[in-house]
Structures are given as C-alpha cells and as structure tokens.
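Chemist: If you count by numbering that gives the first Met the number 0, then the sequence shown holds residues 0 to 123, one letter each, in order.
The structure is given below, and queries will be raised subsequently.
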Amino acid sequence: MPQLWRGMPAGVRVFLAYAFLVLAFIGVTLPLVVAQAVSAPISPLGIVWMALLAYLIFTMTLVLQRKEAAYPLALGLATLTVPLIPMLYLSPAGIPGALFAVVVAVLVFGSLRRPGVRSWFNEP
C-alpha cells in the first residue's frame, strides 16, 4: 500500500481528498436522513443520499484499485462541485462561498485532467 501512495499522481491524491471530504459531509448529514426514515421509510432525500453514498464508495474503491473505469467515474463525481457554486452563492456564504466552490471545482477538475492521471488508471 505505501508503494501505491508513492507512485500516485498528485491529481489522484487531490481527487481522493475531495472524495473523503464528500464522504465526511454525507456522514455528518446522515442523521437528517435517518430522522426522516422514522416517519417515512422511503424518502426522496434518503434515496438520493444512499445512491450518492454507493456511487462515492464504488468510485473511491475503483480509484484505489487503479481500474480504467475509475477515471470517468471520478470525473462524474467531480461534477458535484458545479451545483455547489450557485448553492453557496445563494446561501448566507454569498460571493466568498461561491468563489471557494469555484476554486474547489477548478482544483479537482484541473488535477484530474493532468496528463499523468489518465495513464495511472491502467488496470482492466
């Protein structure tokens, strides 16, 4: 495992840091979904959260295994930064929050689009 981290491109490390932050956010907000499950066993928010959690864990697993399918899935997960920009702009965070989201989006997408990242995913 340490050899995997040493040979990993910086873009993949940035993506994994982003993915772990999204995972932490889901974990922190999960009590809201559980509280809704008391009144209704199936809720739209619960379905979205569970689908996002499954997609996130599956993508992170494939990235750590260096599978070829991980690259497009990682780009798909990075698109979560796009709706974050208007959400933060319209929230009390305002323009500074939106600028932060733009920086995160550029950092994640830019790091995934670097030349060495695509070639790192070489396992069939």
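From the three backbone atoms N, C-alpha and C, an ideal C-beta is built for every residue, glycine too.
Are LEU51 and VAL32 touching if we call contact CB-CB under 8 Å?
Modeler: In this structure, VAL32 does not lie closer than 8 Å to LEU51 by Cβ.
Chemist: Below 8 Å on the Cβ atoms is my guess for VAL116 versus GLY10; work out the distance and round it to an integer in Å.
Modeler: Contact flag correct, Cβ pair sits at about 4 Å.
Chemist: Please name the residue in TYR54, ILE41 and ILE46 whose C-alpha comes closest to that of THR78.
Modeler: Considering only alpha carbons, the answer is TYR54.
Chemist: Please determine, among ALA104, LEU29 and LEU63, the residue with the shortest C-alpha to C-alpha distance to VAL47.
Modeler: Checking every option, the nearest Cα to that of VAL47 belongs to LEU29.
Chemist: Closest by CA to PRO71, which one among ARG12, VAL27 and PHE120?
Modeler: With distances taken between Cα atoms, PRO71 lies closest to PHE120.
Chemist: I'd like to check one pair, THR80 with VAL107: are the Cβ atoms closer than 8 Å?
Modeler: Taking 8 Å as the Cβ cut-off, VAL107 and THR80 qualify as a contacting pair.
Chemist: Hey, which unbroken runs of the alpha helix (DSSP H) at 4 residues or more fall wholly within the region 4-68?
Modeler: Listed in chain order, the complete alpha helix (DSSP H) runs (minimum 4 residues) inside the region 4-68 are 9-38 and 43-63.
Chemist: Have a look at ILE94 and PRO123 and give me their C-alpha separation to the nearest angstrom.
Modeler: For ILE94 and PRO123, the distance between alpha carbons rounds to 43 Å.
Chemist: Tell me whether MET59 is buried or exposed, calling it buried when 16 or more other Cβ atoms sit within 10 Å of its Cβ.
Modeler: That one is buried.
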